[in-house]
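Notes follow once the structure below has been shown.
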Amino acid sequence: MMQMMAVAAAVALAVPGGGAPGTTTRPILSSTEARPFTAENYFRYSGLYAAPVADPWRPRPIATGRPDYLVGGHGFATVQEAVNAAYRAGGAARRWIGVLPGTYTGTVLIPAGSPPLTIFGLGRPADVRLEFTVDATITPAAWGALVNADGRYAEGDPAWPMFQSCATKTSATAGLCATVVWAQSTDLQLKGLTITNTLLDTVDRGTHQALALRTDADRTQLENMRLISRQDTFLANADNVTSIARVSVRDSYIEGDTDFVFGRAATVFSDTHFHLVSSRKASGGVVFAPNTAPNYPYGFLVTHSRITADAAYQETPTGFLGRGWDQGASATGYLPGITPNGQLVIRDSLIGPGYNTVTPWAPAATTARPFAARIDEGRDLNDVNYNRLWEYRNRS
1 MMQMMAVAAA
11 VALAVPGGGA
21 PGTTTRPILS
31 STEARPFTAE
41 NYFRYSGLYA
51 APVADPWRPR
61 PIATGRPDYL
71 VGGHGFATVQ
81 EAVNAAYRAG
91 GAARRWIGVL
101 PGTYTGTVLI
111 PAGSPPLTIF
121 GLGRPADVRL
131 EFTVDATITP
141 AAWGALVNAD
151 GRYAEGDPAW
161 PMFQSCATKT
171 SATAGLCATV
181 VWAQSTDLQL
191 KGLTITNTLL
201 DTVDRGTHQA
211 LALRTDADRT
221 QLENMRLISR
231 QDTFLANADN
241 VTSIARVSVR
251 DSYIEGDTDF
261 VFGRAATVFS
271 DTHFHLVSSR
281 KASGGVVFAP
291 NTAPNYPYGF
301 LVTHSRITAD
311 AAYQETPTGF
321 LGRGWDQGAS
331 ATGYLPGITP
341 NGQLVIRDSL
351 IGPGYNTVTP
361 WAPAATTARP
371 FAARIDEGRD
381 LNDVNYNRLW
391 EYRNRS
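Numbering (UniProt numbering), first residue to last: 1 to 396.
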């Protein structure tokens with residue numbers, strides 16, 4: 001715990017005299033406060049939140065070449081088959097899975113214990129499509145029947161435990177199992193693919209979680225990716241609530257309408273385009289919903305990116321940049337220091353029309369906790385009694 005407090009203290013910087021910039025509804029970091037919020041710091045630590053270990057990760061551009069496994073053409077029929085083959089080959093060396101242009105319908109489960117994998121498209125990202133239609137509101141049994149209708153998961157397969165963990169859940173709904181691609185493997189790289197949960201606008205504007213991609217493990221890289229859904233498009237997760245996971249997203253496109261970038265992983269988005277759409281939900285859409293561990297200072301960092309909205313939002317600007325996700329607090333309400341307290345910095349980025357410029361942060365998911373920010377001189381940026389959603393040096 002002392003180690004985690006030391007990490008948090010590194011960003012508990014005092015504001016120079018004259019108070020903090022911004023307002024209580026749209027807080028802005030000072031140049032001094034913004035200094036720690038860099039990719040280097042978000043990627044500096046691994047291990048447990050209670051005892052983070054200095055373990056700098058410096059992700060390099062994803063290299064591709066001749067694939068070890070080919071999907072499409074005369075190769076494997078599905079990405080899942082290629083993942084299974086790579087898992088069974090084992091070893092610590094990286095394996096490359098190349099995917100030919102085409103539409104590949106079905107889910108992909110990438111289990112922990114896989115060798116480092118690079119799954120990449122052999123064409124334009126828009127032409128290499130992984131798709132499936134799955135809604136979180138269905139039961140676990142219905143989920144199992146739906147995703148395994150073609151028998152792609154069988155006892156003894158590498159991904160069988162992942163499949164069973166969802167198909168045999170006792171909860172009323174499938175929840176976060178409703179994703180097209182789900183990865184639990186460390187050092188995964190994804191490049192040049194489009195992943196779409198094709199539920200899209202076939203349902204009403206209510207709660208229909210429909211993930212395109214869920215990642216649970218450390219040192220995950222996305223580059224030149226397209227992630228498309230409506231609610232909960234991309235979950236940057238950690239495999240449990242006590243462990244740090246790090247995710248790098250570069251040169252990508254993410255589309256949705258509700259909390260469509262969410263999770264607890266320490267995630268850096270650079271040169272990425274986030275696009276809010278109104279086709280299912282015409283107002284009040286939300287881009288980010290981090291559920292960062294309450295005493296860990298690094299959640300989401302968005303830098304040198306674009307946050308845009310479609311024409312309907314531009315006409316009536318009711319979009320929100322984000323909100324905290326007070327996960328697990330529906331019965332208790334927000335408990336300072338116990339409930340997750342989402343952390344996000346959007347800096348050096350373009351925020352286009354379509355967003356509420358006076359109140360860009362919505363009340364928290366799960367609890368509806370009203371947004372509240374400190375703007376007093378000497379504020380603690382990790383005060384658990386306040387939100388941790390910030391901007392710095394953005395443009396419109």
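Even for Gly, the Cβ is constructed at its ideal location relative to N, Cα and C. Just so we're clear, the structure is a prediction, and the values are computed from it rather than from any experiment.
In this structure, DSSP gives residue 214 an extended state, which the three-state scheme calls strand. In this structure residue 241 is exposed. Its beta-carbon is surrounded by fewer than 16 other beta-carbon atoms within 10 angstroms.
Between residue 286 and the set 355, 351, 225, 314, the nearest pair of CA atoms involves 355. One thing to note: residue 303 has its Cβ no nearer than 7 angstroms to the Cβ of residue 252.
Closest by C-alpha distance to residue 255, out of 310, 282, 221, 237, is 310.
Residue 377 sits in coil when the DSSP states are folded into three classes, being neither helix nor strand. Here the alpha carbon of residue 323 sits roughly 5 angstroms from the alpha carbon of residue 289. With fewer than 16 neighbouring CB atoms inside 10 Å of its own CB, residue 74 falls in the exposed class. Exposure of residue 53 is indicated by the presence of fewer than 16 other C-beta atoms within 10 angstroms of its C-beta. A distance below 7 angstroms separates the beta carbons of residue 261 and residue 234. Under the 8 angstroms Cβ criterion, the segment 205-217 does not count as touching the segment 154-161, having fewer than three qualifying pairs. DSSP places residue 131 in the strand class (E or B) of the three-state scheme. Boundaries of the beta strand (DSSP E) around residue 52: 51-54. Distance from the CA of residue 131 to the CA of residue 195, rounded to the nearest whole angstrom, comes to 6 angstroms. Per DSSP, the continuous alpha helix (DSSP H) segment holding residue 163 begins and ends at 160-167.
A direct Cα-to-Cα measurement between residue 166 and residue 107 gives close to 13 angstroms.
Taking a cut-off of 8 angstroms for Cβ pairs, the segment 28-47 and the segment 89-103 do not touch, as fewer than three such pairs fall below it.
Just so you know, the alpha carbons of residue 334 and residue 275 end up roughly 29 angstroms apart. Ranked by Cα distance from residue 204, the options 280, 223, 78, 29 are led by 280.
Approximately 7 angstroms separates the beta-carbon atoms of residue 325 and residue 364; this is inside 8 angstroms, confirming the contact. When C-alpha distances from residue 199 are compared across 184, 179, 120, 187, the shortest belongs to 179.
Taken through DSSP and simplified to helix, strand or coil, residue 179 comes out as strand.
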